[in-house]
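Some notes on the structure that comes next.
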Amino acid sequence: MADARRRKQAQANNADSPAPPPTPRTAEPSASHLEQDDVEKAVPRLPDVNGSVAAQWVRTPERPHHRPLANFFRRVDTIKWTRNRLKVLTPAIRKMKRGLLAGAGKPLPAAFIEFTTQAEAERAYQTQTHHSPMYMSPRFIGIRPDEIIWNVLNMGWAQRIVRRFAVLAGITAAIIFWSFPAAFVGVMSNIYFLADTFPFLSWITKLPAAITGVLQGFAPALALSLLMAAVPWMLRGCARVAGIPSLSMIELFVQNAYFAFQVVQVFLVTTITSAASGAVTDIIKDPLSVKDLLSKNLPKSSNFYISYILMQCLAAGAGSMVHVIEIVRHHIIYACIAPLVLAFATVGLYVIYLVYRYNLLYIYNTEIDTRGLVYPRALLQLLVGLYLAEVCMIGLFALRSAFAPMLIMIIFLVLSVLIHLSIDDAISPLLYNLPRTLPIESEELAGGCMPFEIGQNDVITGQPPSQSSPASSSTLRPHDSFDVVEDDDGKEDIEENITPRTRGGGIQVEGAEGFMSSILDNTKEKATKRLRTHAEALGLTGVLAYFQYWIKPDRNIQPNFVLRWLHPGIFEDFSTLQKMLPPDMPDPTESYPRNYAHDAYWPPVMTTPLESLWIPRDEGGVSRQEVKHSGEVIEITDEGAWLDENGRVKLDFEKAPYWKPRILY
1 MADARRRKQA QANNADSPAP PPTPRTAEPS ASHLEQDDVE KAVPRLPDVN
51 GSVAAQWVRT PERPHHRPLA NFFRRVDTIK WTRNRLKVLT PAIRKMKRGL
101 LAGAGKPLPA AFIEFTTQAE AERAYQTQTH HSPMYMSPRF IGIRPDEIIW
151 NVLNMGWAQR IVRRFAVLAG ITAAIIFWSF PAAFVGVMSN IYFLADTFPF
201 LSWITKLPAA ITGVLQGFAP ALALSLLMAA VPWMLRGCAR VAGIPSLSMI
251 ELFVQNAYFA FQVVQVFLVT TITSAASGAV TDIIKDPLSV KDLLSKNLPK
301 SSNFYISYIL MQCLAAGAGS MVHVIEIVRH HIIYACIAPL VLAFATVGLY
351 VIYLVYRYNL LYIYNTEIDT RGLVYPRALL QLLVGLYLAE VCMIGLFALR
401 SAFAPMLIMI IFLVLSVLIH LSIDDAISPL LYNLPRTLPI ESEELAGGCM
451 PFEIGQNDVI TGQPPSQSSP ASSSTLRPHD SFDVVEDDDG KEDIEENITP
501 RTRGGGIQVE GAEGFMSSIL DNTKEKATKR LRTHAEALGL TGVLAYFQYW
551 IKPDRNIQPN FVLRWLHPGI FEDFSTLQKM LPPDMPDPTE SYPRNYAHDA
601 YWPPVMTTPL ESLWIPRDEG GVSRQEVKHS GEVIEITDEG AWLDENGRVK
651 LDFEKAPYWK PRILY
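If you count by UniProt numbering, then the sequence shown holds residues 1 to 665, one letter each, in order.
Here's what the structure looks like:
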């Protein structure tokens with residue numbers, strides 16, 4: 001009833017009073033050409049007006065409104081309604097925060113543990129914490145506060161397992177169903193087959209050659225690029241559902257899953273459909289000629305990948321690392337089947353290098369830190385391209401009945417798998433754990449000024465060297481942490497425990513292991529001398545020295561680019577790279593905001609202050625009245641933003657209230 005009376009009164013006032021005056025304009029320069037401080041001078045403060053200032057310019061039906069469910073879908077003024085809701089919710093939110101900080105909330109099945117040094121954190125991370133399965137597990141290290149997915153921390157281990165298998169099943173189903181549009185794209189690359197198969201498409205063959213070339217070369221590559229562009233966003237959502245707790249780990253999950261999509265859709269499905277569509281009619285007429293037709297048409301499908309490579313490299317030069325690795329994999333596959341792909345791949349990747357390098361240096365700002373895990377994983381994924389290339393060569397040799405080359409390719413395939421497994425076993429332990437030897441090398445490089453405490457049962461005691469001792473006294477020796485006790489009473493106990501035994505319980509001959517080692521070393525030394533003698537007799541000393549330079553170079557020489565690339569373990573090891581770091585690097589902890597160490601691993605809703613509103617200032621004074629009314633319940637300002645004469649918002653970013661300091665970890 002009250003609303004009805006107010007509407008009737010407003011209509012009566014509008015009927016009696018003249019129409020609202022238009023927006024005042026002057027011949028002076030508009031506020032858009034003035035600084036924010038000049039707006040106050042150009043537009044003096046309006047006198048107090050009873051009611052809303054905005055009512056003079058905006059009629060009530062034109063104000064923002066909505067129909068909330070709690071109000072039985074009755075229309076309410078959005079600004080007034082939200083202002084009243086903020087009056088109720090703001091004190092309730094503050095009260096809830098105080099209760100949670102006091103420990104009144106329900107604890108989550110997750111914990112954050114901080115350590116004084118990185119070495120201590122690594123030691124705890126590499127330790128088996130609990131004797132029961134799935135307790136204190138999984139564990140993660142190096143998680144930054146701004147990368148945490150907080151709603152995932154509420155999942156228990158059973159829920160996480162169920163979600164993970166459900167997501168894997170969903171991704172597998174998506175790969176299968178994604179094959180149908182990918183197969184259609186592969187068929188699109190052969191428009192003449194479509195024109196012959198479907199008579200209503202025969203008009204395509206009558207188009208000019210330039211248009212048919214675009215339809216057959218550019219359109220399928222563009223369609224496949226657009227089809228695969230939506231996959232990473234879908235996979236990121238799947239990663240959140242699976243319970244992955246950080247943004248960096250989500251990106252690593254996307255890299256693996258997207259790689260599976262690319263292998264199946266971009267290569268297998270597209271290659272098979274593109275090659276089969278050109279020979280399906282002939283295969284139906286003469287089924288016995290299937291092997292000859294496939295061996296003839298399979299290399300032709302590389303034309304599609306030339307267009308796809310150009311599309312990805314030239315049109316999307318600043319694509320993500322996942323796309324670049326996928327393109328390189330296609331180059332490896334077709335390097336033997338259609339070597340022309342390598343030329344386009346070289347040009348395209350060089351363009352990607354230039355654009356990506358420029359963006360990394362001058363444009364991109366890293367928000368998610370994967371700690372270098374994308375690169376080694378991508379290198380191992382490249383070997384899948386080698387597998388597929390070898391399988392394709394085996395298939396082509398089999399179709400051509402070339403059994404000797406086919407056998408050689410099978411041997412190469414087995415060797416590639418064994419080498420891949422060996423590389424994975426050698427690299428994987430170093431990717432996720434900090435080796436215990438690195439802090440020791442840091443101490444040695446620092447001349448003993450960086451003591452490192454390893455553990456109770458380890459060799460190093462962790463005590464800093466005394467000032468009277470030289471710097472080199474902190475160098476580690478195997479006997480430093482043992483007390484040398486010259487006591488004859490303990491000899492019998494020692495002699496009882498040092499008797500060597502075999503696994504079967506029998507007594508092993510003392511010194512047998514050293515004897516066999518001596519025989520092997522002596523044999524190796526004699527073989528080396530004999531080989532050197534024969535090489536000198538044949539005049540191959542210079543050749544051996546040349547290969548020795550490249551195979552086993554001296555650590556003390558100045559290496560070139562090729563040597564550094566061939567032997568990164570010698571010329572780019574930890575000690576070499578650490579010497580390149582400036583000695584006066586700033587400590588990132590000094591730039592942390594106040595109380596950041598205490599509040600870093602609280603959920604953002606607990607530590608982040610209430611959001612502020614930023615509205616543009618107008619000449620009518622509506623924004624100033626809104627700041628006065630809404631400022632009682634929420635922080636609001638109209639500083640640094642104003643409306644120009646055309647109603648567009650102009651901003652002064654230096655006065656924006658949303659600046660947040662960038663935290664360096």
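Glycine is no exception: its CB is placed at the ideal position from the N, C-alpha and C atoms.
Throw me the rounded Cβ distance for the residue i and residue j pair, which I believe falls under 8 Å.
i    : j    : result
H420 : L383 : 5 Å
R240 : I149 : 6 Å
Y387 : S416 : 6 Å
V622 : V53  : 5 Å
I394 : I410 : 6 Å
S307 : F184 : The Cβ separation is near 16 Å, so there is no contact.
F304 : S189 : 5 Å
R98  : D77  : That belief does not hold up - the Cβ atoms of R98 and D77 are roughly 32 Å apart, past 8 Å.
T116 : V633 : The Cβ separation is near 44 Å, so there is no contact.
T370 : L235 : Their Cβ separation, rounded to whole angstroms, is 15 Å, which puts T370 and L235 out of contact at 8 Å.
Taking 8 Å as the cut-off, decide whether the C-beta atoms of residue i and residue j are in contact.
i           : j    : result
G620        : W57  : yes
V152        : P245 : yes
I204        : L222 : no
Y192        : P232 : no
residue 715 : I615 : What is shown of the chain runs 1 to 665, which leaves residue 715 out entirely.
T270        : L227 : no
G243        : M155 : yes
P657        : S612 : yes
L577        : Q118 : no
L563        : F571 : yes
A343        : Q265 : no
residue 675 : P559 : Residue 675 lies beyond the range of the chain shown here (1 to 665); nothing can be said about it.
What did DSSP end up calling residue i once you bin it into helix, strand or coil?
i    : result
I148 : strand
I636 : strand
W614 : strand
L415 : helix
K106 : coil
A426 : helix
W659 : coil
A230 : coil
L577 : helix
K97  : helix
M606 : helix
F304 : helix
L664 : coil
D37  : Because D37 sits at a pLDDT of 45, beneath the cut-off of 50, its placement in the model cannot be relied upon, and the following sentence gives the value as read from the coordinates. Looking at D37 - three-state DSSP - the assignment turns out to be helix.
N190 : coil
K552 : coil
K491 : In this prediction, K491 scores a pLDDT of 43, lower than 50, which makes its location untrustworthy; no coordinate-derived value is stated.
Y387 : helix
G631 : coil
P138 : coil
A257 : helix
T271 : helix
W157 : helix
K529 : helix
How would you call residue i, buried or exposed, if buried means at least 16 neighbouring beta carbons within 10 angstroms?
i    : result
T533 : exposed
P21  : With a pLDDT of only 42 at P21, under 50, the local geometry of the prediction cannot be trusted, and no value is derived from it.
S202 : exposed
W642 : buried
D573 : exposed
F367 : The residue you asked about is not Phe; residue 367 is Glu in the sequence shown. By the neighbour-count rule (16 or more Cβ atoms within 10 Å), E367 is not buried but exposed.
T172 : exposed
R357 : exposed
P220 : buried
G186 : buried
Q255 : buried
F452 : Residue placement at F452 is poorly supported in this model, since its pLDDT is 39, which falls under 50; the coordinates still yield a value, given next. Buried: at least 16 other Cβ atoms inside 10 Å.
I211 : exposed
T390 : This sequence places Glu at residue 390; Thr is not what is there. When all chains shown are included, E390 counts as buried.
V263 : buried
From the DSSP secondary-structure annotation, give me the bridge partner or partners of residue i.
i    : result
H65  : D77
A641 : L651
S246 : I148
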